[in-house]
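**Q** My questions will all concern the structure given below.
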Amino acid sequence: MRLFVTDLDGTLLDSEHRSTEFGIAALRKAVAAGIEVCIASGRSYADIMGKISGFGISPYVISSNGASLHDKDGKKLMTTSIPIDEAAAVMKYLEDHSLEFEASTDEFTYVTQGSIDLLKQELEDLGKDSQKREQLYKDVLGLVLSQGNLKIVPTLEDILSSIDHANTISSISAYKHKIRSGMDYFSMNKNLLTFSSWKYNFEVTSSKASKGEALKRLCELKGISLDDVAAIGDNYNDTSMIRIAGIKGAMSNSVDQLLKIADYISDDNDHEGAAKFLLAAMDGKVSRKA
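When you line the sequence shown up against this note's numbering, it's residues 164 to 453, in that order.
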């Protein structure tokens with residue numbers, strides 16, 4: 164193994180979106196052994212860097228679900244974004260259909276106050292005594308507001324005046340039928356790739372962007388064979404990179420699609436699954452499926 168690639172949310176981070184001392188120590192052990200580390204997340208580059216600032220390592224970073232790739236020194240190696248006209252049309256559709264939306268660049272994630280208010284109203288509509296409501300307050304609204312580089316602006320026009328492209332446009336809802344409807348609509352656009360990275364969201368990127376494509380590019384630039392890559396994730400947006408990695412890892416909290424292709428199924432993200440997979444791979448305890 165020459166390169167270890169890990170997702171963040173649902174994988175390296177626990178259910179509170181926090182890193183652990185055990186996980187950080189495992190990454191440091193890999194770096195000390197000469198293994199390159201890459202963080203691959205749907206989060207924006209700046210948000211990822213904020214999350215890993217205390218790790219004490221300098222990893223490669225695949226951000227915005229593969230729309231952007233940075234080297235260990237922060238130099239951008241690749242970008243595959245949504246042009247501003249198309250991004251505007253996507254966000255206008257979401258706004259017109261009462262769906263929350265966020266637009267991410269490398270530097271910031273933008274969301275309108277109207278989107279925040281919409282999410283709050285959806286959660287209120289679930290009923291004050293609903294156990295689901297309490298969980299979603301943490302999982303849905305909490306995830307949006309936890310982004311370190313979040314900019315809340317008054318209107319869609321304010322977003323459009325602040326960006327000239329979007330790496331990713333995402334939407335979160337407490338109602339799964341709204342998520343399915345949005346995904347169905349954008350899946351008809353051949354210029355866009357639409358997928359879910361979590362049961363209450365969907366994301367839109369350029370059709371040319373994915374974690375897998377960014378990983379291929381990184382390996383080409385570094386002269387690393389994909390056979391020498393170990394990668395782990397938990398959700399649909401991780402499939403493209405897990406599928407091409409020589410050593411395929413999945414968290415026990417993964418979607419079935421990943422569990423079916425994994426060489427190794429580790430513990431869940433609240434029990435150090437990503438770090439345990441890394442250490443097992445370093446010790447030669449992970450074997451590829453025939």
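Ideal Cβ positions, reconstructed from N, Cα and C, are used throughout, including at glycine.
1. Looking only at DSSP bridge pairs, what is isoleucine 428 linked to?
2. Let's test the definition: count the other Cβ atoms within 10 Å of the Cβ of phenylalanine 349 and tell me whether it reaches 16, buried, or not, exposed.
3. Note down, in chain order, each residue of its chain lying with its Cβ closer than 8 angstroms to the Cβ of histidine 328, except the 5 sequence neighbours on either side.
4. Please work out which residues of its chain come closer than 6 angstroms, Cβ to Cβ, to arginine 165, disregarding the five sequence neighbours upstream and downstream, and give them in chain order.
5. Let me make sure I understand the geometry here. Which of Leu308, Thr357, Thr242 and Ala413 has the alpha-carbon closest to that of alanine 444?
6. Answer with buried or exposed for phenylalanine 167, where buried requires no fewer than 16 other C-beta atoms within 10 angstroms of its C-beta.
7. Starting from the Cα of alanine 252, find the closest Cα among Gly205, Lys238 and Ile322 and give me that residue.
8. Considering only residues of the same chain and omitting the five flanking positions on each side of isoleucine 220, which have a CB-CB separation below 7 angstroms?
9. In chain order, what residues of the same chain lie with their CB nearer than 6 angstroms to the CB of isoleucine 187, ignoring the 5 residues before and after it?
10. Helix, strand or coil, according to DSSP, for glutamate 265 in the structure here?
11. Please report the straight-line C-alpha distance between leucine 389 and isoleucine 225, rounded to a whole angstrom.
12. Leaving out five residues on either side along the sequence, give the residues of the same chain with a beta carbon under 8 angstroms from the beta carbon of phenylalanine 185.
13. Excluding five sequence neighbours on each side, which residues of the same chain lie with their C-beta closer than 8 angstroms to the C-beta of serine 309?
14. In the DSSP output, which residue or residues are listed as bridge partners for cysteine 382?
15. Does the beta-carbon distance from glycine 375 to methionine 404 come in below 7 angstroms?
16. To the nearest angstrom, how far is the alpha carbon of serine 336 from that of arginine 380?
17. Do you know offhand how far tyrosine 256's Cα is from glycine 229's?
18. For threonine 242, I'd like the list of residues in its chain whose CB is within less than 6 angstroms of its CB, leaving aside the five on either flank, ordered along the chain.
19. Using C-beta distances below 7 angstroms, list every residue in its chain close to aspartate 234, excluding the 5 sequence neighbours before and after it, in chain order.
20. Going by CA-CA distance only, name the one from Asp397, Asp431 and Leu378 that's closest to tryptophan 361.
21. Could you tell me which of Phe264, Asn400 and Gly409 sits nearest to serine 417, measuring between CA atoms?
22. Assign glycine 237 to one of two classes, buried (16 or more other C-beta atoms within 10 Å of its C-beta) or exposed (fewer than that).
23. Nearest to aspartate 280 by alpha carbon, out of Ser429, Met254, Ser369 and Val316?
24. Quick check: what's the CA-CA separation for isoleucine 211 versus leucine 176?
25. Residues in the same chain with beta-carbon distance under 8 angstroms from serine 369, minus the five sequence neighbours each way, listed in chain order, please.
26. Looking only at its chain, what residues have a beta carbon closer than 7 angstroms to the beta carbon of threonine 402, apart from the 5 residues adjacent to it on each side?
27. Over what stretch of residues does the alpha helix (DSSP H) that includes glycine 396 continue unbroken?
28. Taking buried to mean at least 16 other C-beta atoms within 10 Å of its own C-beta, is glycine 447 buried or exposed?
**A** Taking the structure as given:
1. Isoleucine 428 is bridged to Ala413.
2. Counting other Cβ atoms within 10 Å of its Cβ, phenylalanine 349 reaches 16 or more and is therefore classed as buried.
3. Once the five neighbours on either side are set aside, the close Cβ partners of histidine 328 are Ser244, Ile245, Pro246, Ile247, Ala250 and Thr268.
4. Taken in chain order, the residues that qualify are Ile387 and Asp391.
5. The alpha carbon of alanine 444 has as its nearest neighbour, out of Leu308, Thr357, Thr242 and Ala413, the alpha carbon of Ala413.
6. Buried, since its Cβ has 16 or more Cβ neighbours within 10 Å.
7. For alanine 252, the nearest C-alpha among the options comes from Ile322.
8. Closer than 7 angstroms at the Cβ level, and outside the excluded window around isoleucine 220, lie Leu190, Arg191, Val194 and Val200.
9. Closer than 6 angstroms at Cβ, skipping near neighbours: Phe218.
10. It is a strand residue.
11. Here the alpha carbons of isoleucine 225 and leucine 389 stand approximately 16 angstroms from one another.
12. Cβ neighbours of phenylalanine 185 within its own chain (closer than 8 angstroms, five residues either side excluded): Glu435 and Ala438.
13. Excluding residues within five positions, the ones whose Cβ falls inside 8 angstroms are His180.
14. In the DSSP assignment, cysteine 382 is bridged to no other residue.
15. Between glycine 375 and methionine 404, the C-beta gap is smaller than 7 angstroms, which places the two residues in contact.
16. The alpha-carbon atoms of serine 336 and arginine 380 are separated by roughly 33 angstroms.
17. Each residue's alpha carbon lies about 23 angstroms from the other.
18. The answer, listed in chain order, is Ser231.
19. Only Tyr223 and Leu240 meet the Cβ criterion.
20. Tryptophan 361 has its Cα closest to that of Asp397, out of Asp397, Asp431 and Leu378.
21. It is Asn400.
22. Around the CB of glycine 237, fewer than 16 other CB atoms lie within 10 Å, so the residue is classed as exposed.
23. Nearest C-alpha to aspartate 280: Val316.
24. Cα to Cα, isoleucine 211 sits roughly 11 angstroms from leucine 176.
25. Counting only Cβ-Cβ distances below 8 angstroms, and skipping sequence neighbours, we find Ala230, Thr243, Ser244, Ile245, Asn354, Leu355 and Leu356.
26. Within the same chain, threonine 402 has close Cβ partners Gln420 and Leu421.
27. Taken as a continuous stretch (DSSP letters only), glycine 396 belongs to no alpha helix (DSSP H), being part of the beta strand (DSSP E) at 392–396.
28. Exposed, since its Cβ has fewer than 16 Cβ neighbours within 10 Å.
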